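Those protein sequence lines, which keep their order, are chains A and B. Residue numbers for the first sequence follow this note's numbering, so the first one is 12 and each next one is one higher. Residue numbers for the second sequence follow this note's numbering, so the first one is 221 and each next one is one higher. We treat Cβ as the ideally placed atom computed from N, Cα and C, and that holds for glycine. This structure is a prediction, so every number in the text was calculated from the model and none was measured. Notes to accompany the following structure.
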Amino acid sequence: MYGWRGRIGLLVPSINTTMETEFWRIAPEGVSVHCARIAGGRHGTPEELRSMENASKKAAEDVGMVEPDVVVYGCTSGSFFEGPEWNKKICEQLSQITKAPTVTTAGGMAACLTAGGHRKVDVVTPYVELTNERLKQFLKAHGIDVLKLGTFDMLDMFDHAKIQPDEIYRKVKETTTPEADAVFIACTQLRALEVVDMLERDLGKPVYSAVQASAWQAFEAMGVDPQITHCGSLLRRLSEPGARKSPALRRSA
Amino acid sequence: MKRIGLLVPSSNTTVEPEFYRALPREVTLHTARLYLTRIAPEAILKMIEDMETQAKLLASADVDVIVLGATAPSFLNGLGYDRELIQKLESATGRKATTTTTALVEAIRHFGAKRVVLGSAYDDRVNGIAKAFLEASGVEVIAMKGLSLVDNLVVGRLAADTAYDLAVEVSRADADAIVLACTNWRTMDAIERIERETGKPVITTTQASIWAALRAVGHTEPVTGYGRLLRELAPSKETRAA
Numbered sequence: 012m013y014g015w016r017g018r019i020g021l022l023v024p025s026i027n028t029t030m031e032t033e034f035w036r037i038a039p040e041g042v043s044v045h046c047a048r049i050a051g052g053r054h055g056t057p058e059e060l061r062s063m064e065n066a067s068k069k070a071a072e073d074v075g076m077v078e079p080d081v082v083v084y085g086c087t088s089g090s091f092f093e094g095p096e097w098n099k100k101i102c103e104q105l106s107q108i109t110k111a112p113t114v115t116t117a118g119g120m121a122a123c124l125t126a127g128g129h130r131k132v133d134v135v136t137p138y139v140e141l142t143n144e145r146l147k148q149f150l151k152a153h154g155i156d157v158l159k160l161g162t163f164d165m166l167d168m169f170d171h172a173k174i175q176p177d178e179i180y181r182k183v184k185e186t187t188t189p190e191a192d193a194v195f196i197a198c199t200q201l202r203a204l205e206v207v208d209m210l211e212r213d214l215g216k217p218v219y220s221a222v223q224a225s226a227w228q229a230f231e232a233m234g235v236d237p238q239i240t241h242c243g244s245l246l247r248r249l250s251e252p253g254a255r256k257s258p259a260l261r262r263s264a
Numbered sequence: 221m222k223r224i225g226l227l228v229p230s231s232n233t234t235v236e237p238e239f240y241r242a243l244p245r246e247v248t249l250h251t252a253r254l255y256l257t258r259i260a261p262e263a264i265l266k267m268i269e270d271m272e273t274q275a276k277l278l279a280s281a282d283v284d285v286i287v288l289g290a291t292a293p294s295f296l297n298g299l300g301y302d303r304e305l306i307q308k309l310e311s312a313t314g315r316k317a318t319t320t321t322t323a324l325v326e327a328i329r330h331f332g333a334k335r336v337v338l339g340s341a342y343d344d345r346v347n348g349i350a351k352a353f354l355e356a357s358g359v360e361v362i363a364m365k366g367l368s369l370v371d372n373l374v375v376g377r378l379a380a381d382t383a384y385d386l387a388v389e390v391s392r393a394d395a396d397a398i399v400l401a402c403t404n405w406r407t408m409d410a411i412e413r414i415e416r417e418t419g420k421p422v423i424t425t426t427q428a429s430i431w432a433a434l435r436a437v438g439h440t441e442p443v444t445g446y447g448r449l450l451r452e453l454a455p456s457k458e459t460r461a462a
């Protein structure tokens, strides 16, 4: 069976064109990605972001059928917008439906920054002002300060995928300050995975992306080492001894 | 960059990995799921109700083509049913659409095959419907065998060897091609071996769906490792001469 080492149930906003592709790029031998789409519009308005919480339940029912080892709710703003409790509620709901541990992108963002001991970070997003404020509040609730935020300032979530990796590279470089411990690139629709490793090498500090942080949590939850060396230090760390939780029990053969 | 939108039965664990592996880097895959647990007519008709909603979600990702990547659902109601579904998908989304069954028949015609043998994961009931559909499409099914499976998750657990074994068993000297049906059945890794063993072109429902999707988005570079059909995506000098 495909996914004999681990099956990932991936929930993406229906307009997302980046995350499935990047997850497959990370997936090693024996790991498969099974996707379902969360209904919603293409504009990241507060109403849209809030409605995804409910719409994700239907997608979870569908992806639960593949008996996933982990479920990923793959949207940054869709998981931080109403704060940490809301994010937790999403995880619990989806775990109950799919019978699998659930991670979210916002949860992955907070977890990877916390695990790295980063208290002062710079952030790059494609979001509009209100959403950026909510992101800062979410991180603040986790004890993390955003020193500087660089944004592409676009409401249309579909268009976030049109931002080229080299534009993301330049935006990170012009945003980051010497005082920041790390940089986080938010939004699973941004093609950041292609430049995250070179950014770390060029800036000399940790740089994380939304898809990468989601994958990191998923692989940690599955107890699988993706053995991936060119997608940043976060994923590379999964290859270090003791970096992963004890291997999860497989649900089925 | 071109985008393929794929509708898969929710319990399918095979078709996404097989698409991903075969697709060239400049073509990406985007999936939506239709709730289905059993390969039985009643369950399938219910699944189709969900189809337009899910197709619209794919359209919101601006895919270039939508493929209903499910075999039995697209032949269930006989000749013309796949066209009906295509029309529904196209009018709901304004995108080009196709189905696995449509792709399968096109691939059989691509090889000019008149007589085929059919191997599938299905039970006799669903196999009978498949045979009737192919014969109504002008293709004679001269031998047929199924694995008698109804639980779709069980089909996904089968190794590709089962496709090889069944294909070699069902193959006949007077067949023009070997058809292997069910997108949740691992067939892609068996195709080259079966073609070498039998000397006949092998058409599997997943392979034909990939072939049709690539043609629909205008991709004409050959894809190797999965049989003649995908290798001949771009007409080579050799095939033009033949």
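{"Check": "Helix, strand or coil at A264 of chain A [DSSP, three-state]", "Outcome": "The predicted model places A264 of chain A with a pLDDT of 40, which falls under 50 and marks its position as unreliable; any figure quoted below should be read in that light. A264 of chain A: coil per DSSP, three-state reduction."}
{"Check": "Three-state class that DSSP yields for F239 of chain B in the structure shown", "Outcome": "helix"}
{"Check": "Reduced DSSP secondary structure (H/G/I, E/B, other) of R435 of chain B", "Outcome": "helix"}
{"Check": "Ranges of the beta strand (DSSP E) found wholly within the region 337-391 of chain B, counting only runs of at least 3", "Outcome": "360-366"}
{"Check": "Cα-Cα separation between I101 of chain A and A242 of chain B, rounded to whole angstroms", "Outcome": "34 Å"}
{"Check": "Min CB distance T28 of chain A to chain B below 9 Å", "Outcome": "yes"}
{"Check": "DSSP-derived helix/strand/coil call for L245 of chain A", "Outcome": "helix"}
{"Check": "Which residues DSSP lists as bridging H250 of chain B, in chain order", "Outcome": "B:G225"}
{"Check": "Whole-angstrom distance between R181 of chain A and K147 of chain A, CA atom to CA atom", "Outcome": "22 Å"}
{"Check": "Spatial distance of L254 of chain B from L278 of chain B (CA atoms)", "Outcome": "12 Å"}
{"Check": "Span separating the alpha-carbon of L369 of chain B from that of Q307 of chain B", "Outcome": "30 Å"}
{"Check": "Distance CB(G85 of chain A)-CB(V134 of chain A) smaller than 9 Å", "Outcome": "no"}
{"Check": "Given T322 of chain B as reference, the closest of B:Y446, B:V443, B:I430, B:Q274 once Cα atoms are compared", "Outcome": "B:I430"}
{"Check": "Cutoff 9 Å: S429 of chain B Cβ touching any chain A Cβ", "Outcome": "no"}
{"Check": "Interface positions of the region 34-60 of chain A facing chain B (Cβ-Cβ less than 9 Å), listed along the chain", "Outcome": "W35, A38, S43, V44, H45, C46, A47, R48, I49, A50, G51, G52, R53"}
{"Check": "Beta-carbon spacing of V336 of chain B, A395 of chain B below 9 Å", "Outcome": "yes"}
{"Check": "CB contact check: S25 of chain A to chain B, cutoff 9 Å", "Outcome": "yes"}
{"Check": "Given D282 of chain B as reference, the closest of B:E412, B:V235, B:L249, B:A432 once Cα atoms are compared", "Outcome": "B:L249"}
{"Check": "Residues of its chain near A47 of chain A, where Cβ-Cβ distance is below 6 Å and the 5 sequence neighbours each way are ignored", "Outcome": "L22, A70, D73, V74"}
{"Check": "7 Å CB neighbourhood of M168 of chain A in its chain, flanking five on each side removed", "Outcome": "P24, I26, R53, H54, G55, Q200"}
{"Check": "Environment of N404 of chain B [buried if 16+ CB atoms lie within 10 Å]", "Outcome": "buried"}
{"Check": "Contact set for V114 of chain A: own chain, Cβ-Cβ below 8 Å, skip 5 residues either direction", "Outcome": "V81, V82, V83, Y84, C102, S225, Q228, A229, A232"}
{"Check": "Continuous beta strand (DSSP E) stretch holding D156 of chain A: start and end", "Outcome": "156-162"}
{"Check": "Buried versus exposed, by CB contacts within 10 Å (16 or more), N65 of chain A", "Outcome": "exposed"}
{"Check": "Contact with chain A by S230 of chain B, beta-carbon distance below 9 Å", "Outcome": "yes"}
{"Check": "Bridge-paired residues (DSSP) for L288 of chain B", "Outcome": "B:L227, B:T319"}
{"Check": "Residue burial classification, E236 of chain B (beta-carbon count within 10 angstroms, cutoff 16)", "Outcome": "buried"}
{"Check": "4 or more residues per run - each alpha helix (DSSP H) lying fully within the region 25-84 of chain A", "Outcome": "30-37, 57-75"}
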